[in-house]
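Okay, so here's the structure we're looking at.
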Amino acid sequence: MPGNGGISETETTVRSIPQRATDLLKAIAAARNVLAVIKGSPDPDAIAAAYTFRQIAEKAGGRVVVESEQQPSLPQNRRIIADLHLPIHYEAVGDSVRFFDAYAVFDHQSIQVDGVTGVIPCLVHIDHHQAVDHPLPARFRWICEEAGSTSTLIALLLEHLVTRQDWSSAEEQKACTALYFGMHTDTDAFSHLTELDQRALNFLRPRADIAFINHLASLPFPRPALRYLERAIQNQEIYRDWLITGMGFVDSRHRDAIALIADFLLRRHEVNMVVAFALIRQDDQLRLDAALRSPDKEFDLDRLIKRFSPAGGGRAFKGAFQVDLSYFSDTPHPILLWHLVRLSTTAKIRYQRDQLDVQPL
Ligand SMILES: [Mn+2]
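The working numbering numbers the first residue of the sequence shown as 2 and each following residue consecutively.
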């Protein structure tokens, strides 16, 4: 890239990695017990990042518990956790938060975690989504949109740390396999890789169990998701160059189907946006869950999503937002509620499409 003494942005990032690895170890040395929180649905990218951080921290004398707010929903995500024996806790932290000195967040724009933020400090925040405007403080932070996944960033740190820490080849393989799958998921099977991703992949590929990953990646579309896909196809409508579809109530165990279906519809149709949404009921909670997909790397999906909901977010190609509707969770008329949600959401989406002409992102 010109204008930088001939040094590309990627090169600058790569040169900063040894220092970042050192800073990460310093941060770890400052806290003994760390809670690594996986926010939202545990996807392979977040799982791999949190797991590898745990291994790095334990070799540096720290202790890390990886905690997920939700159970994994896709069969391949359950398989990678089970087959690689990745230790993840699913109980809410609650009062036990006081047993930790600090917490860490990976693969999420915001480090806000209810019941944790404000109680203990945030030690580490690593992510590849767009940075938020006024981030809460974190001791070590690496936000890098040049990476297609958080696993990319962790792999680049690991590349330095394996030479400085005592990693057996089995441990290395386990972490690299998880990170490889994290990258695979976030880059749509490596179909769009940045220069940084390519570097990370060069490190991971010879160390990962590729046969296992190929097996995971070939697991069929989960059967319950097919039912939702059918609904998504029935309900889809094309508004200008966007495809909009609602799937009704989706069982919380299969909520990842919304993202899979959005991916599928984008591959199938020549549109500039896919928005797929559904209502998710979990215990006494109810929320609207929407997945957005754009085929255009330059499209600022994050900014668009913020127009729907400040709590949502995105990056190149993918994004999502949720709206809490728990107040309506006991409605005696779920079908009526769905109609209302569908009409209102579709109207909002159409409005945002029209707004792009008036007020570009
Ligand atoms: Mn990610």
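Where is the CB? At the ideal position from N, CA and C, for every residue including glycine.
Check the C-beta distance from Phe-204 over to Glu-160 and give it rounded, since I have them as a contact under 8 Å.
Within the sequence shown, numbered from 1, the residue matching residue 204 stands at position 203. Within the sequence shown, numbered from 1, the residue matching residue 160 stands at position 159. With a contact defined as Cβ atoms closer than 8 Å, Phe-204 and Glu-160 qualify at about 5 Å.
Cβ of Thr-151 within 7 Å of any heavy atom in ligand 1?
As a first step, residue 151 is located in the sequence shown; it is residue number 150 there, counting from the start. Thr-151: yes, Cβ under 7 Å from ligand 1.
Cutting at 6 Å between CB atoms, please list the residues of its own chain near Asp-355, excluding the five before and the five after it.
The count along the sequence shown starts at 1 and reaches residue 355 at position 354. Excluding sequence neighbours, Asp-355 sits near nothing in its chain.
With DSSP as the reference, label Gly-4 as helix, strand or coil.
Residue numbering aside, residue 4 sits at position 3 when the sequence shown is read from its first letter. The predicted model places Gly-4 with a pLDDT of 49, which falls under 50 and marks its position as unreliable, so this point remains unresolved.
Threshold first: 3 residues or longer. Then list the beta strand (DSSP E) segments lying entirely within the region 79-135, N to C.
DSSP runs (the beta strand (DSSP E)) wholly in the region 79-135: 103-107, 123-128.
Does the region 73-86 touch the region 42-50, meaning 3 or more C-beta pairs lie closer than 8 Å?
Below 8 Å, enough C-beta pairs join the region 42-50 and the region 73-86 to call them touching: three or more.
From the DSSP secondary-structure annotation, give me the bridge partner or partners of Arg-241.
Looking up residue 241 in the sequence shown gives position 240. None; Arg-241 has no bridge partner.
Got a sec, what are the start and stop residues for the alpha helix (DSSP H) Phe-213 sits in?
Position 212 of the sequence shown, counted from the first residue, corresponds to residue 213. Run containing Phe-213: 211-218, per the alpha helix (DSSP H) assignment.
Quick one: is the Cβ of Thr-270 within less than 7 Å of any heavy atom of ligand 1?
In the sequence shown, residue 270 corresponds to position 269, counting from 1. Checking the sequence, you will find His at residue 270 rather than Thr. Answer for His-270: no, Cβ out of range of ligand 1.
Please classify Leu-85: is it buried, with 16 or more other beta-carbons within 10 angstroms of its beta-carbon, or exposed?
For this step, residue 85 is matched to residue 84 along the sequence shown. Within a 10 Å sphere around the beta-carbon of Leu-85 sit 16 or more other beta-carbons, which makes this residue buried.
May I have the straight-line CA-CA distance separating Gly-4 from Ala-312, to the nearest angstrom?
Numbered from its first residue, the sequence shown carries residue 4 at position 3. Numbered from its first residue, the sequence shown carries residue 312 at position 311. At Gly-4 the pLDDT is 49, less than 50, meaning the model places this residue with poor confidence; the figure from the coordinates comes in the next sentence. Rounded to the nearest angstrom, the two C-alpha atoms are 36 Å apart.
Around the Cβ of Val-163, are there at least 16 other Cβ atoms within 10 angstroms (buried) or fewer (exposed)?
Here residue 163 refers to the residue found at position 162 of the sequence shown. The residue is buried, with at least 16 neighbouring Cβ atoms inside 10 Å.
Between the region 252-269 and the region 217-235, do at least 3 Cβ pairs fall closer than 8 Å?
These segments touch.
For Arg-294 and Arg-142, the rounded distance between their alpha carbons
Residue mapping note: residue 142 aligns to position 141 of the sequence shown, counting from 1. Residue mapping note: residue 294 aligns to position 293 of the sequence shown, counting from 1. Between the alpha carbons of Arg-142 and Arg-294 lies a gap of roughly 27 Å.
8 Å contact criterion, which Lys-349 and Phe-309 should meet: CB distance rounded
Sequence index remark: in the sequence shown, residue 349 carries index 348 (1-based). Sequence index remark: in the sequence shown, residue 309 carries index 308 (1-based). Yes, they are in contact, since the Cβ atoms of Lys-349 and Phe-309 sit about 7 Å apart, within 8 Å.
Under DSSP, the alpha helix (DSSP H) around Val-65 begins and ends at which residues?
Here the question's residue 65 lines up with position 64 in the sequence shown. For Val-65, there is no enclosing alpha helix (DSSP H); the residue is part of the beta strand (DSSP E) that begins and ends at 64-69.
Put Gln-323 into one of helix, strand or coil per three-state DSSP.
The residue given as residue 323 occupies position 322 in the sequence shown. In this structure, Gln-323 counts as strand in the three-state DSSP scheme.
Who are Ile-262's beta bridge partners in DSSP?
As a first step, residue 262 must be located in the sequence shown, where it is residue number 261. DSSP lists no partner for Ile-262.
Beta-carbon separation (whole angstroms), Lys-319 vs His-193, contact threshold 8 Å
Translated into the one-based positions of the sequence shown, residue 319 becomes position 318. Translated into the one-based positions of the sequence shown, residue 193 becomes position 192. With 8 Å as the limit, Lys-319 and His-193 do not qualify as a contact, their Cβ atoms being about 11 Å apart.
Distance, Gln-113 Cα to Gly-41 Cα:
Here the question's residue 41 lines up with position 40 in the sequence shown. Here the question's residue 113 lines up with position 112 in the sequence shown. Gly-41 and Gln-113 have their C-alpha atoms roughly 12 Å apart.
In its own chain, which residues sit with a C-beta less than 8 Å from the C-beta of Gln-353, not counting the 5 before and 5 after it?
On the sequence shown, position 352 is the one that residue 353 refers to. Non-local beta-carbon contacts of Gln-353 in its own chain, meaning distances under 8 Å to residues more than five positions away in sequence, involve Leu-305, Arg-308, Phe-309 in chain order.
Residues in its own chain within less than 6 Å of Ala-365 by CB, not counting five upstream and five downstream?
Since the first residue of the chain shown is 2 and the last is 362, residue 365 is not available in this structure.
Per DSSP, what kind of secondary structure is Trp-143 in: helix, strand or coil?
Your numbering for residue 143 matches position 142 in the sequence shown. Residue state, collapsed to three classes: strand.
If you draw a straight line from the C-alpha of Thr-14 to the C-alpha of Ala-50, how long is it?
Position 13 of the sequence shown, counted from the first residue, corresponds to residue 14. Position 49 of the sequence shown, counted from the first residue, corresponds to residue 50. Thr-14 and Ala-50: Cα-Cα distance of roughly 19 Å.
Looking at His-129 and ligand 1, is the gap between the Cβ and the nearest heavy atom below 7 Å?
Residue mapping note: residue 129 aligns to position 128 of the sequence shown, counting from 1. Yes, since a heavy atom of ligand 1 falls inside the 7 Å radius drawn around the Cβ of His-129.
Please say whether Val-94 and Glu-68 have beta carbons closer to each other than 8 Å?
Within the sequence shown, the letter at position 67 stands for residue 68. Within the sequence shown, the letter at position 93 stands for residue 94. The criterion of a C-beta distance shorter than 8 Å is satisfied by Glu-68 and Val-94.
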